[in-house]
Structures are given as structure tokens and as C-alpha cells.
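**Student:** Got a structure here, written out as C-alpha cells. Questions coming.
There are 2 protein chains.
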Amino acid sequence: MPKRVDHDERRHRIAEALWRIASERGLDGASLRDVAAEAGISLGQLQHYFRTKDDMLVFALGHISELAARRIGARVGSLAGDPSPRTLLRETLAEMLPLDDKSRTGQLVQIAYFVRAVHDERLRRHAKEGIPALREFFAAQIRRAKEGGDVAADRDPDTEAMLLISLVDGLTGYVLLDVLPGEEALRLVDAHLDRLFT
Amino acid sequence: MPKRVDHDERRHRIAEALWRIASERGLDGASLRDVAAEAGISLGQLQHYFRTKDDMLVFALGHISELAARRIGARVGSLAGDPSPRTLLRETLAEMLPLDDKSRTGQLVQIAYFVRAVHDERLRRHAKEGIPALREFFAAQIRRAKEGGDVAADRDPDTEAMLLISLVDGLTGYVLLDVLPGEEALRLVDAHLDRLFT
DNA sequence: GCTATCGCAATACAACTGACCTGTAAACGA
DNA sequence: TCGTTTACAGGTCAGTTGTATTGCGATAGC
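Chains Z and S, in that order, give the protein sequences.
Using the numbering used here, the letters of the first sequence correspond one by one to residues 181 to 378.
Using the numbering used here, the letters of the second sequence correspond one by one to residues 181 to 378.
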């Protein structure tokens, strides 16, 4: 066996270079040569790890979704004691908004993928696959809150869950466009939660 | 003076050809040659009407926003009698969702522009300019409803207006991704309105 | 009829794109 | 030591991109 290299580690490095470019210029502005230069490697090396550009895009999308999920998990996991459903929801929603530079970059990349996904079957499957789990997690919290009497009995958890997801996504767009400051978006989320919880 | 031609009419024709391509392949998939072919004209003629590609994009964005506003205006204007604030809001929101093929195309193009706008100062100005007016229109309806006792007194019209806009935008994304069917999105809007109006 | 101007076609061009294809060095097992 | 496999650098290629240039026909005022 010849020289051994951690393939996954290299691929992650390349994906992160791709994000840096995509968050500045969009996915279509990221050529293989640009990504290679940003990662500090040659075009040949990049192609050694990703046979086609499409492979690279799909891998990078999977990686960024994974990181976002882990970030949310870490934030929720670090909550003290036994957090209420409302707290869980609020912290998750807040982590989904582009409030700091890192998550702003992440959201910019996600949006870039979203646009491609609308026209690209393969990316669409990836983009859609996380939604049901998130929706179910939200619905479960609302169900718990209903049992505790914190949410009115006539609210449908699944409906409210999808409303929350859609709201955050819409707000995200406006924060990225600088129509809303981040704190204002968070205030709007809280206002919505005020109505959901009694 | 030589032959006179209606420049604006030609430009509109070209813009519409651009939309057809952009809604299928995205804005970056629309080269000048593609657009010219779709419009049934030569590349030379297209360049005669738009000196640069950027000029074409900016013009087409202005045109599509104008058409969307006109569509909403027509729908709202055709409401019988003296429509209630809730009816006005619901019909406007419904028209903003991509429920039929035409508005789906329109939304796909808007999204394509949105992504560019995040990175492009000139487009961002255009993309943002319609929001305040829409927000104020929504807020005005909610204010009217509060006076009529149809919305609780402690609701802030401006907050609720922005929540509505963001919600529809988030839902639009998921409809375009085929995560939600159109009717489901409309049902979610109605559910949200049920909570806003007493 | 002359000519300036407009409308448009055709072509050219330099830059860039992703995919592919070599050549080579290094590491390991036999 | 040899052969095989992996890691990478560099170059090539055909195709596409936006823009610039040139030329020519039609039309209107003089």
C-alpha cells in the first residue's frame, strides 16, 4: 500500500473552501479552479478527490447539513436541566436564523443549494430529506406542551410545526437581504411563540 | 428619421423569454444566446436592446415585480362589494403563493433573482424596494380589523404584517421544492389567519 | 437622390469552463 | 529489488461565455 491519506478530511477541507466562495459569489460563481485555489491545492488534486463537479456539490451539501444539525444539537443539548418545550423550540429556531457570521455563511450556502435543488433532481432529494425529521421534532414538542396545558387543545401540532419552519425560513431570507436585522427576526419568532403558547 | 420600433415592447418580449429559461434552469443557466433563441431573435438584436447582460437582468427584474404587483392588484380589485380586511389579506397571500403554473414560474424567477441579490448590490436595491409598501398594506388591514374588533387589541399590526410576509415566503420555498402541495400551503396560511383573527 | 441614422445580422475574440489524460514521485508488500 | 498502487502536478481539449466590431439594408429628412 502506498502513501495513505485521510480522504474524508481532504474532502471536508475542499467543501469548506467551496462554502467560502459560494457564500460570497454564489454556487455558480465557484469554478473548480477557484475552489482549488481557495483550498490551496491544485486542480488535479481536487479532481482526484471529486471525479466531477456534481460529486463535489452533493458531498458539500451533505456536509453542511450535517454540521448545521450538529450545531443545533449542541445548543439544545447544552440547555440546563430539563428545558421546557417552548425553550427547546425557541433555541432551535434561533440557531436556524443567520444571527452570527458563521451561520450567515451557512445560510447563504444553503440558499445557493436551494435554488439549484429546484432544478436538480439529485440535490432536491438531499434538500428535502431533513424536513420531515425537523417537522416531527417540532410537532413532538408542541404535543408535549399541549399535555402540559401550555398550548391550547385545539392547536394541531403538525400544522403549527410546519408554520414555525416556514416562518423561520422566510425570516432567514429577509435577514440575508438586510431587510430585517437579526434581532428583529428573533423578536418576530418570539412574538409568534407568544401566540402559540398560552 | 429611419424605421421606428417600440423599444419597450421588444425589451418586454426579451424579458419574458428570459423568465421562461430562468424558471427552468435558473438565471445562471440563461446565456445571452439562449435568451435570444428563446425570444426568436439574433444575438445581435438582443445586444441592440440591452448593452450588457446586467442591463437585461435588471430590466427583467423590474418588469416581473411590476407584473406580480399588477396581478395582486387585479385580484384584490375584483373582489365583490366591500371586502373585509381578512378577505383582502387572504386573497393577497394566496396570490403570492405559487399555486398555478404561471405564478410558479414567476416565483422561480423571483427566487433566482433573490439569490443574485444577496451578492449583488444593484439587484438588492431592486429586490428590497417593494417590501415596505407590502408590509404597510398588510399592517393597514390589520389596523382596520382591530378597529372592527376582529383582531385582538394587543396585536401589533406591523409585527403581524411582517410575520405574514415571512410566512408566505417560507411556504413558497417549500411549495417550489415539492415539500408541500399548494393547497396545503394555503391551508397553513388560513390556519395562521384563524389565530390572528378572533 | 443624397445622406445621416437606426435596426439588425454576422462574426470575431479573449477568457473561462469542466473533463480528461498524461507523467512522476512516493510508499508499501513481495 | 522489484512491481504495484496511490497521490498529485501539469497540461490539453472542446465547448461556452459576454462583449466588441463590422457591415449592410431600410427609412426618413433635406
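Ideal placement from N, C-alpha and C gives every residue a C-beta, glycine not left out.
#1: For the structure I just gave you, are there three or more beta carbon pairs, one from the stretch 287-296 of chain S and one from the stretch 236-252 of chain S, closer than 8 Å?
#2: What span of residues does the alpha helix (DSSP H) with S:R302 cover, start to end?
#3: Cβ of Z:M181 less than 9 Å from any chain S Cβ?
#4: Taking its Cβ as the centre, do 16 or more other Cβ atoms sit within 10 Å of Z:V289, making it buried, or is it exposed?
#5: Can you name the start and end residues of the alpha helix (DSSP H) that Z:I244 belongs to?
#6: Quick check: is the beta carbon of Z:R205 nearer than 9 Å to any beta carbon in chain S?
#7: From S:S283 to S:L247, what does the alpha carbon distance come to, in whole angstroms?
#8: Along chain Z, in chain order, which residues have C-beta atoms closer than 7 Å to that of S:L373?
#9: Please confirm whether Z:R304 has its beta-carbon closer than 9 Å to some beta-carbon of chain S.
#10: Given a threshold of 16 other Cβ atoms within 10 Å of its Cβ, counted over all protein chains shown, does S:H372 qualify as buried or as exposed?
#11: Could you pull out every residue in the same chain whose Cβ sits closer than 6 Å to the Cβ of Z:A202, ignoring the five residues on either side in sequence?
#12: Using 8 Å as the cut-off, can you tell me whether the stretch 336-356 of chain Z makes contact with the stretch 335-355 of chain S, which would need three or more C-beta pairs spanning the two stretches below that distance?
#13: Is the stretch 357-372 of chain Z touching the stretch 267-283 of chain Z in the sense that three or more CB pairs, one from each, lie closer than 8 Å?
#14: Find the residues of chain S that neighbour Z:A297, judging by a C-beta separation of less than 8 Å, and give them in chain order.
#15: Any beta carbon from chain Z within less than 9 Å of S:D349's own beta carbon?
#16: Under the DSSP definition of a beta bridge, which residues are partnered with Z:F377?
#17: Please name the residues in the stretch 269-294 of chain S whose beta-carbon is closer than 9 Å to at least one beta-carbon of chain Z, in chain order.
#18: Does the count of Cβ pairs from the stretch 305-312 of chain Z and the stretch 318-331 of chain S closer than 8 Å reach three?
#19: Since Z:R375 and S:R375 are thought to touch, with beta carbons under 8 Å apart, how far apart are those beta carbons, to the nearest angstrom?
#20: Between S:Y229 and chain Z, is any beta-carbon pair separated by less than 9 Å?
#21: Take Z:M181 and list the residues in its own chain whose beta-carbon comes closer than 7 Å to its own, dropping the five residues that flank it on each side.
#22: Mapping DSSP to helix, strand and coil, what is Z:L207?
#23: For Z:K233, go through chain S and note every residue whose CB falls closer than 8 Å to its CB, in chain order.
#24: Which whole-angstrom value describes the C-beta separation of Z:L237 and Z:V256, a residue pair presumed to lie in contact below a C-beta threshold of 8 Å?
#25: So, under 8 Å CB-CB, Z:P265 and Z:R324 are touching, yes? Tell me the CB distance rounded to an integer number of Å.
#26: When you compare only the Cα positions, how much space is there between Z:R205 and Z:A332?
**Tutor:** Result, derived from the coordinates:
#1: yes
#2: To locate residue 302 of chain S, count along the second sequence from 1; it is residue 122. Residues E301 to K308.
#3: Reading the first sequence from its first residue, position 1 is the one you call residue 181 of chain Z. The predicted position of Z:M181 is uncertain, since its pLDDT is 45 and thus under 50; no value can be drawn from it.
#4: Position 109 of the first sequence, counted from the start, is the residue given in the question as residue 289 of chain Z. So Z:V289 counts as buried.
#5: Stepping through the first sequence from its first residue, residue 244 of chain Z is reached at position 64. Here the alpha helix (DSSP H) through Z:I244 covers K233 to G257.
#6: As a first step, residue 205 of chain Z must be located in the first sequence, where it is residue number 25. Closer than 9 Å to some Cβ of chain S, the Cβ of Z:R205 qualifies, so yes.
#7: Reading the second sequence from its first residue, position 103 is the one you call residue 283 of chain S. Reading the second sequence from its first residue, position 67 is the one you call residue 247 of chain S. If you take the alpha carbons of S:S283 and S:L247, they lie about 11 Å apart.
#8: Here the question's residue 373 of chain S lines up with position 193 in the second sequence. Ordered by position in chain Z, no residue passes the 7 Å Cβ test against S:L373, which lies about 11 Å from the chain.
#9: The sequence position of residue 304 of chain Z within the first sequence is 124, counting from 1. Yes, Z:R304 counts as interfacial toward chain S.
#10: Position 192 of the second sequence, counted from the start, is the residue given in the question as residue 372 of chain S. Classification of S:H372: buried, given that the 10 Å Cβ count is 16 or more.
#11: If you number the first sequence from 1, residue 202 of chain Z lands on position 22. So the qualifying residues of the chain are A210, V289 and A292.
#12: yes
#13: yes
#14: Translated into positions along the first sequence, residue 297 of chain Z becomes position 117. What Z:A297 touches in chain S: L357.
#15: Counting from one through the second sequence, the residue named residue 349 of chain S turns up at place 169. Chain Z, which has a Cβ nearer than 9 Å to the Cβ of S:D349, makes this yes.
#16: By one-based count along the first sequence, residue 377 of chain Z stands at place 197. Paired residues: Z:V331.
#17: L288, I291, A292 and F294
#18: no
#19: Taking the first residue of the first sequence as 1, we reach residue 375 of chain Z at position 195. Taking the first residue of the second sequence as 1, we reach residue 375 of chain S at position 195. Their Cβ separation, rounded to whole angstroms, is 6 Å, which keeps Z:R375 and S:R375 in contact under 8 Å.
#20: Reading the second sequence from its first residue, position 49 is the one you call residue 229 of chain S. No, no contact with chain Z.
#21: As a working note, residue 181 of chain Z is residue 1 in the first sequence. Here Z:M181 scores only 45 on pLDDT, less than 50, and its place in the model should not be relied on; the value that follows carries that caveat. So no residue of the chain qualifies.
#22: Your numbering for residue 207 of chain Z matches position 27 in the first sequence. Of the three classes helix, strand and coil, the one that applies to Z:L207 here is helix, per DSSP.
#23: Position 53 of the first sequence, counted from the first residue, corresponds to residue 233 of chain Z. Under the 8 Å cutoff, chain S gives no residues; its nearest Cβ is about 13 Å from Z:K233.
#24: On the first sequence, position 57 is the one that residue 237 of chain Z refers to. On the first sequence, position 76 is the one that residue 256 of chain Z refers to. Not a contact, Cβ separation roughly 29 Å.
#25: For the purposes of this step, residue 265 of chain Z is taken as the residue at position 85 of the first sequence. For the purposes of this step, residue 324 of chain Z is taken as the residue at position 144 of the first sequence. Yes, they are in contact, since the Cβ atoms of Z:P265 and Z:R324 sit about 5 Å apart, within 8 Å.
#26: Working through the first sequence from its first residue, we reach residue 205 of chain Z at position 25. Working through the first sequence from its first residue, we reach residue 332 of chain Z at position 152. The straight-line gap from Cα to Cα measures roughly 45 Å.
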